[in-house]
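Chemist: Dropping the structure in here first, questions after.
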Amino acid sequence: PSPPPRARRFPILLNRWLDAHPQALASRARDLETWIRRNLSGPTMDRVEVALHLGSLLGLDDLVIEHFSLQAYKLFNAGRFDLINRITGKYLAQDRPLPHYFYVIAARTMARQDRFDEAIAVVERGKAIYEERDHAEVECGELAFVAGNVFRFMNRTNEAMTELFLAREFFQVARDQRRLATADCSLGNLYFGRGSPREARRHYLSALGVMKSLGERDGQASLLGNLGLVEYDCGRFRRAALFLGQAVSLHKSLKNTWNQAIAQLSLSKVYLKMGQFSKAIRVLKECHQHKVQQRHESGVLEAAALLAWVCELLGNPAAAKAWWDQIPDLAGRTLEPRAVFVINGVRAMTALFKGEFAEAEKRYAAMLASSRKGNGSDIEGGDCLHGIGVSQALRGDPRAADTLLEAERQFAPFPQRSQTSQIRLFGALFFPDRFPHVQIDEQVRIFLDSQAYEPFWALFAGHLQRRGTPGCLQFLEYHLRKTPSTMLQGMLARQRALAGVIQHVEARRLRAAEFYLCLENGLTRPIHVDDYQAWRGKYPRQHLVFDGPSGILAWHDHTAYLRPGSIPHGVVTQLLIAFPHPVDVDALYHAVWKTPFDPETDTGAFKSSLQRLQKILRSVTPTAKIRRKKTKSKFGGIALLLSCHWEAIL
1386 PSPPPRARRF PILLNRWLDA HPQALASRAR DLETWIRRNL SGPTMDRVEV ALHLGSLLGL
1446 DDLVIEHFSL QAYKLFNAGR FDLINRITGK YLAQDRPLPH YFYVIAARTM ARQDRFDEAI
1506 AVVERGKAIY EERDHAEVEC GELAFVAGNV FRFMNRTNEA MTELFLAREF FQVARDQRRL
1566 ATADCSLGNL YFGRGSPREA RRHYLSALGV MKSLGERDGQ ASLLGNLGLV EYDCGRFRRA
1626 ALFLGQAVSL HKSLKNTWNQ AIAQLSLSKV YLKMGQFSKA IRVLKECHQH KVQQRHESGV
1686 LEAAALLAWV CELLGNPAAA KAWWDQIPDL AGRTLEPRAV FVINGVRAMT ALFKGEFAEA
1746 EKRYAAMLAS SRKGNGSDIE GGDCLHGIGV SQALRGDPRA ADTLLEAERQ FAPFPQRSQT
1806 SQIRLFGALF FPDRFPHVQI DEQVRIFLDS QAYEPFWALF AGHLQRRGTP GCLQFLEYHL
1866 RKTPSTMLQG MLARQRALAG VIQHVEARRL RAAEFYLCLE NGLTRPIHVD DYQAWRGKYP
1926 RQHLVFDGPS GILAWHDHTA YLRPGSIPHG VVTQLLIAFP HPVDVDALYH AVWKTPFDPE
1986 TDTGAFKSSL QRLQKILRSV TPTAKIRRKK TKSKFGGIAL LLSCHWEAIL
């Protein structure tokens, strides 16, 4: 037998049954009215939903309108769009005065269901009423605010900006700080969508300061998500993941599933950008489930497309097809332009990843035409040109260099974005005479410092090997480490020459491993791998010994294991090389964590790692200690203090 329906679906099923059987209420009208009055302000949205619907069926209109106005935002945030459509539809069809919340919530719900034209029409009805009233600044501001956001969803940015600045003026006149902050938040969203992260950050930070002072957790959660998107645009992906992760957690604790799903969708894109595919799948599946429950078609299809993309990358074509099969033909559908761009972009990337370069170019060209027709941003246009240029270069099309240069010009105002480095790196590898201004190793450094991952690296791995600069080889080694085995197998099947590149990289790594570095009380000498094996067979346990390749730290009868490649292992290695001098905190972090030190987000992880390492050292010998030291760095330095004879192989 099929399982019973989940409890939270019960109000919707009951309400629909009552619509079809109105006579069921007549005999118990008095008892029902008592129950309705008791539960209109009930502790759960399920009871509130049933009470509002029963009240509207029994004709308790004034009571329903009053309490709907009080509960409207909670109902919206809980995704109760079915009830909102019923209540607002009924009373908007009547010729009676309504609170402005009716127009606002009705329009927001319609917009979330991609009914944009209907949403604008409802807002205009509300404006016509409240703009004629005195002292209605807050009401007019909220109506202008929702109109601006609907226009933003429709990609009509000029109209959106006009409405949002108008809303901001109304809220300033009303001296309403909370609503002023929400207007700043939406203006930040608008600037962000137009590719202006600095202006977006300014509005977001202004709004966040107000929300913190007011204790508005909902507002803080939304702004943390927005700041995460700004960091993503600026190529600071770890900070983006931190902010967005905090936003998801806060929205979840507030039971705001709508904004939780939005933040999850953004967080999944950060994980994809960093090559953290398992995390991306987990977050995307939860997001997809929320979007299905909310009946938000744009979100459902966007999440499905991204899940299909991850499956393609990981070499699971059957699973990818299952997700693609859930996405219908987009022609004739009223979807958010951003979602359409993402879905079409994923289709183009999939063709490129499979080596179908002509098909990829065709799809990118169609996206570019659509973006220009809809007044899309330079970022959108640059993304499309980047895809076209790469496809042309891999097909040997002589137009490729010009296309890539045009893409670079589109991204020139946004040097912080990872796409800028990707375009310059690819262009300099394929067309060095057309990109003489690009220093390849510098672009590699910028890209790797962001901890980004290039899923198409196999397509130009041969060019990286032939160029052979330290940066090119580092780029290859980095991506070989981060590429999952199933993904690498698919790459090898499509790119026959990739096997030779990998052999070259592995041979270089093995040659480098023929000799180790031996340190003894600060003196250094090389040691051959054969001599290392002999040394390893009989540790001088009267000394403090660190066997770096094996990860063993030993002193007399005490031993600890530091996994090679782990954070504690890396910290000990750097401190022993510098002994007895301190290492700058930022330099140590960059060397071990492989990313620049950010005091706002990395201090906690850095301190906890040092504390863990200090505990390990104490378990082996009391003669080894970690201490803070003053250095030229504003963050100070870290030094290893050893009061015994020591020896290390690194």
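For what it's worth, my numbering labels the leading residue of the sequence shown as 1386, then goes sequentially.
A virtual CB, placed ideally from N, CA and C, is assigned to each residue, including glycine.
Between Asp1826 and the rest of its own chain, which residues show a CB-CB distance below 7 Å, the 5 nearest in sequence each way excluded?
Modeler: Correct list, in chain order: Thr1854, Pro1855, Gly1856.
Chemist: Arg1881 to Arg1621, Cα distance in whole Å?
Modeler: So the alpha carbons of these two residues sit roughly 34 Å apart.
Chemist: How is the beta strand (DSSP E) around His1438 delimited, first residue to last?
Modeler: His1438 -> not in any beta strand (DSSP E); alpha helix (DSSP H) instead, spanning 1430-1443.
Chemist: Which residue spans inside the region 1769-1817 form an unbroken alpha helix (DSSP H) run of at least 4?
Modeler: As far as the region 1769-1817 is concerned, its whole alpha helix (DSSP H) runs of at least 4 residues are 1785-1796, 1803-1815.
Chemist: What are the residues that DSSP puts in a beta bridge with Arg2013?
Modeler: Paired residues: Ile2023.
Chemist: Determine whether the beta carbon atoms of Leu1439 and Ile1421 lie at a separation below 9 Å.
Modeler: Contact flag set, yes.
Chemist: Comparing C-alpha positions only, which one of Cys2029, Pro1800, Gln1804 sits nearest to Val2005?
Modeler: Out of Cys2029, Pro1800, Gln1804, Cys2029 has the C-alpha closest to the C-alpha of Val2005.
Chemist: In three-state DSSP terms, what is Ile1712?
Modeler: Reduced to three states, the DSSP call for Ile1712 is coil.
Chemist: Indicate the three-state DSSP secondary structure (helix, strand or coil) for Asp1502 in the structure shown.
Modeler: Helix at Asp1502.
Chemist: Under the three-state reduction of DSSP, which class applies to His1588: helix, strand or coil?
Modeler: His1588: helix per DSSP, three-state reduction.
Chemist: Does the distance from the CB of Pro1934 to the CB of Pro1953 come in under 9 Å?
Modeler: Contact flag unset, no.
Chemist: State the beta-bridge partners of Leu1385 as determined by DSSP.
Modeler: A query on residue 1385 cannot be resolved here, the shown segment of the chain reaching from 1386 to 2035 and no further.
Chemist: So the candidates are Leu1691, Leu1652, Ala1648, Val1956; which of them puts its Cα closest to the Cα of Ala1990?
Modeler: If we check each option's Cα against that of Ala1990, Val1956 comes out closest.
Chemist: Please name the residue, chosen from Gly1847, Ala1843, Asn1906, that lies closest to Gly1875 on a Cα-to-Cα basis.
Modeler: Residue Ala1843 is the option with its Cα nearest to Gly1875.
Chemist: Give me the residue from Gln1562, Thr1788, Phe1799, Pro1798 with the minimum Cα distance to Phe1811.
Modeler: Minimum Cα distance to Phe1811 is reached at Thr1788.
Chemist: Based on the DSSP secondary-structure assignment, which residues constitute the bridge partners of Phe1622?
Modeler: Partner(s): none; Phe1622 has no beta bridge.
Chemist: Provide the residue(s) that pair with Glu2032 in DSSP beta bridges, ordered along the chain.
Modeler: For Glu2032, which the question treats as bridged, DSSP gives the partners Glu1905, Val1930.
Chemist: Considering only the beta carbon of each residue, do Thr2016 and Asp1969 sit closer than 9 Å?
Modeler: Their beta carbons are under 9 Å apart, which means Thr2016 touches Asp1969 by this criterion.
Chemist: Decide if Ser1835 is buried, meaning its Cβ has at least 16 other Cβ atoms within 10 Å, or exposed.
Modeler: Ser1835 comes out buried.
Chemist: Find the nearest neighbour of Lys2019 within the set Phe1982, Pro2007, Ile2011, judged by alpha-carbon distance.
Modeler: Per the Cα distances, Phe1982.
Chemist: Counting beta carbon pairs with one atom in the region 1488-1502 and one in the region 1463-1480, are three or more of them shorter than 8 Å?
Modeler: Yes: at least three Cβ pairs fall under 8 Å.
Chemist: When the distance is taken between beta carbons, is Val1930 closer than 9 Å to Ala2009?
Modeler: Against a cut-off of 9 Å, the Cβ pair of Val1930 and Ala2009 comes out as no contact.
Chemist: Checking 9 Å against the spacing of the C-beta atoms, do Ala1693 and Ile1712 come in under that value?
Modeler: Contact flag set, yes.
Chemist: Taking the alpha-carbon of Phe1799 as reference, which of His1966, Tyr1946, Val1615, Glu1671 has the nearest alpha-carbon?
Modeler: The candidate whose alpha carbon is nearest that of Phe1799 is Val1615.
Chemist: For Val1655, which residues from the same chain have a beta carbon less than 7 Å from its beta carbon, with the 5 sequence-adjacent residues on both sides left out?
Modeler: Excluding residues within five positions, the ones whose Cβ falls inside 7 Å are Tyr1617, Phe1622, Ala1625, Ala1626, Leu1629.
Chemist: Would DSSP call Tyr1946 helix, strand or coil?
Modeler: Strand at Tyr1946.
Chemist: Considering Cα atoms alone, identify which of Arg1851, Pro1582, Pro1840 is closest to Leu1865.
Modeler: Taking only the C-alpha atoms, the option nearest Leu1865 is Pro1840.
Chemist: Let me confirm a value: Arg1334 is counted as buried when at least 16 other C-beta atoms fall within 10 Å, else exposed. Which label applies?
Modeler: Past the boundaries of the shown model lies residue 1334; the chain is included only from 1386 to 2035, so the question cannot be answered.
Chemist: Given a cut-off of 9 Å, decide if Asn1701 and Asn1540 are closer than it, judged by their beta-carbon atoms.
Modeler: In this structure, Asn1701 does not lie closer than 9 Å to Asn1540 by Cβ.
Chemist: Which residues in the same chain as Asn1729 place their Cβ atom closer than 6 Å to its Cβ, once the five residues preceding and following it in sequence are excluded?
Modeler: So the list reads Met1752, once near-sequence residues are dropped.
Chemist: So what does DSSP say about Ala1648, is it helix, strand or coil?
Modeler: The answer is helix: DSSP assigns Ala1648 an H, G or I state.
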